[in-house]
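Heads up: the sequence shown at position 451 corresponds to 451 in full-length UniProt numbering, and the numbers run straight through without jumps. Cβ coordinates follow ideal geometry from the N, Cα and C atoms, glycine included.
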Amino acid sequence: MTKQIRLNAFAMNCVAHQSPGLWTHPRDRTLGYNRLPYWLDLAKTLERGRFDGLFLADVLGVYDVFGSSPDAALRNAAQTPANEPLMLIPAMAAVTQNLGFGVTSNLSFEPPYPFARRMSTLDHLTEGRIGWNVVTGYLDSAARGAGKDRQAAHDDRYDIADEYMELVYKLWEGSWEDDAVLRDRTRGIFADPSKVHRIEHEGTNYRLSAIHLSEPSPQRTPVLYQAGTSPRGRQFAAQHAECVFMSGPSAKIIGPRVAAIRALAKEIGRNPAEILMFSMMTIILGRTEAEAKAKYADYRAHIAPEGALALMSGWMGVDFSSYDLDQQVRHIQNDAGRTALDNVTRADPDRVWTVREVVEHVGIGGAGPVVVGTPEKVADDIEAWFEETDVDGLNVAFATSPGDFEDIADMLVPELTTRGRYKSEYAEGTLREKLFGKGRAQLTEQHPASRYRPHRAAKAAE
Ligand SMILES: Cc1cc2nc3c(=O)[nH]c(=O)nc-3n(C[C@H](O)[C@H](O)[C@H](O)COP(=O)(O)O)c2cc1C
């Protein structure tokens, strides 16, 4: 059977998100990011388009690498200000039945214990529609806000994250047995204390002695997303992720990353089919080629180059204020994210990028390709992209929101559905069941989290 195309929408609790300057376009409504009507409307639009999920990005610091100052980010609303993403979810869940929510939470600045409870609460309230995009951050400004001089070194962050994952797995999977909750009104017993276990953890970075504060939620562990594809990031993905988000300008760059993560997963005994790969793409549609091209040109006229530079500097850890626009971008090693800089330096030896070209590329939709045209042409391009990269889905960034998502729901989704490449209705169940099949509400026994389940933990201790 031909592979189904999955769609996530990529957004953030801020103005414009990945298209700096586009908030000035009359069609864009992201200035309403700090009130609920914008989000409720977006969620309903996405569900109308049968999107698998809304992926909410988040950063905990400002983009102040450019010119060593937050000014450019503030002037251009380059992901600054950024409101908290988790609080949006119950409201959006209340007006949808099927849309999943992949929410980004940076583990570097919050202890596992309260975080695990917040995610369990969301999994309860959404009746199992929650996912977590596990990130460790890339901005020193976030570390300074948390009272540190700078963020931990790049690979060390992943080591710390491994231990963090162990701890949240213990809380989500190991603390309450499946039949611990009785809710027995006749006997007046809520839970059987013998089936609720204290988690004891003494590790390199974390210490904890506690029972998980939430009773088991539909999925227990939220669906796990991950989005770093450096060599250490890939290892982390192969170990933990159920969905991987990637970004890169071409199929030539994305394809080998998909293959590498699948191979790594296989090496460590996980079924590669249990990891879904999503790559970033921006989609601009028109009823005719001319209409689509005109829309794209109109969008491009609203790009704020200084905002793009502020974002790029933050992602790559390079202060582009000291660069000439026609200077070539060169690779350097630092402690910001590695993939964003690799994309425009080492990842494709045949392609040299100047700063100006990166600004133009990043200006609409961030670090992925922009596909423009009629629904038929865009569907052809997407099918070719799937063929070349072997991804399972797209993480769709927008130029204007919710307008571009309305276009996708109205024009592209019918075309993909007619081609048999897109679901005609949502599958039942939790987000994990919708992604992986009925009966898969929780992680399988192959996933490392399952080793902390009480029956497995008891066996290991024998
Ligand atoms: C599609 C996509 C979305 C991302 N979203 C976030 C985010 O919301 N917050 C964040 O701190 N990092 C985010 N990242 C960055 C990654 O988590 C990671 O820090 C970055 O890719 C660098 O990791 P690497 O050096 O292993 O590639 C995202 C990356 C990608 C590709």
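query: Considering only the alpha carbon of each residue, which of Gln239, Pro305, Ile332 and Val396 lies closest to Asn76?; result: Pro305
query: Tell me Phe245's beta-bridge partners as DSSP assigns them.; result: Phe278
query: Is the beta carbon of Gly102 closer than 8 Å to that of Asn83?; result: no
query: Could you tell me whether the Cβ atoms of Thr400 and Leu22 are closer together than 8 Å?; result: yes
query: What's the gap between the Cα of Pro81 and the Cα of Thr374?; result: 35 Å
query: Need the endpoints of the alpha helix (DSSP H) that Gln239 sits in, please.; result: Pro231 to His240
query: Kindly indicate which three-state DSSP category Met165 falls into: helix, strand or coil?; result: helix
query: Does DSSP put Ile268 in a helix, in a strand, or in coil?; result: coil
query: Determine the burial state of Val352: buried for a count of at least 16 other Cβ atoms within 10 Å of its Cβ, exposed for fewer.; result: exposed
query: Using 10 angstroms around the beta-carbon of Glu415, count the other beta-carbons present and answer buried if the total reaches 16, otherwise exposed.; result: buried
query: Would you check if there are 3 or more beta carbon pairs closer than 8 Å linking the segment 98-114 to the segment 154-165?; result: yes
query: Does the count of Cβ pairs from the segment 393-410 and the segment 29-43 closer than 8 Å reach three?; result: yes
query: Compute the distance between the beta-carbons of Ile275 and Ala241, then report whether it is under 8 Å.; result: yes
query: Within the present structure, is the beta-carbon of Phe398 separated from the nearest heavy atom of ligand 1 by less than 7 Å?; result: no
query: Following the continuous beta strand (DSSP E) through Trp132, name the residue where it begins and the one where it ends.; result: Ile130 to Val135
query: Say the cut is 7 Å; is the CB of residue 468 nearer than that to a heavy atom of ligand 1?; result: Nothing about residue 468 can be read from this structure; the chain reaches only from 1 to 462.
query: Return yes when the C-beta of Val59 is under 7 Å from any heavy atom of ligand 1, and no when it is not.; result: yes
query: What does DSSP give as the partner residue(s) for Arg207 in the beta ladder?; result: Glu202
query: Let me check understanding here. Comparing Cα to Cα, which of Lys459, Pro454 and Ala460 lies closest to Lys195?; result: Pro454
query: Asn395 lies in the beta strand (DSSP E); which residues open and close that run?; result: Gly393 to Ala397
query: Bridge partners for Thr186 per DSSP, in chain order?; result: Paired residues: none, contrary to the question.
query: Which residue wins for smallest C-alpha separation from Arg144, given the options Asp58, Ala259 and Asp64?; result: Asp64
query: Taking the runs of the alpha helix (DSSP H) that are 4 residues or longer, which of them lie wholly in the UniProt region "Disordered" (437-462)?; result: 454-461
query: Return the bridge partner residues of Thr354 from the DSSP annotation.; result: Gln328
query: Tyr296 by DSSP, collapsed to three states: which one?; result: helix
query: Ligand 1 and Glu247: does the residue's C-beta get closer than 7 Å to at least one heavy atom of that ligand?; result: Glu is not the amino acid found at residue 247; the sequence shown has Ser there. Yes.
query: So is the beta-carbon of Val135 under 7 Å away from any non-hydrogen atom of ligand 1?; result: yes
query: If you scan the segment 30-62 from start to end, which runs of the beta strand (DSSP E) of 3 or more residues do you find wholly inside it?; result: 53-57
query: Hey, is Asn76 close to ligand 1, as in C-beta under 7 Å from one of its heavy atoms?; result: no
query: When you compare each of Lys170, Asn34, Leu394 and Ala265 to Ile211 by their alpha carbons, which one comes out closest?; result: Lys170
query: Give the straight-line distance between the Cα atoms of residue 478 and Phe66, rounded to the nearest whole angstrom.; result: Any question about residue 478 goes unanswered here, given that the chain covers just 1 to 462.
query: Which residue's Cα is closest to the Cα of Ser214: Lys377, Gln97 and Arg118?; result: Arg118
query: Within a Cβ cutoff of 8 Å, which residues of the same chain sit near His331, ignoring the five residues on either side of it in sequence?; result: Leu341, Asp342, Thr345 and Arg346
query: Going along the chain, which residues of its own chain have a beta-carbon closer than 8 Å to the beta-carbon of Leu54, five neighbours each way excluded?; result: Asn8, Ala9, Ala11, Leu42, Ala43, Leu46, Met92, Leu99, Gly100, Phe101 and Gly102
query: What residue range is occupied by the uninterrupted beta strand (DSSP E) comprising Thr225?; result: According to the sequence provided, residue 225 is Tyr. The question's Thr does not apply to it. Taken as a continuous stretch (DSSP letters only), the beta strand (DSSP E) holding Tyr225 covers Val223 to Gln226.
query: For Gly363, which of Asp140, Phe405, Ile303 and Arg234 has the nearest alpha-carbon?; result: Ile303
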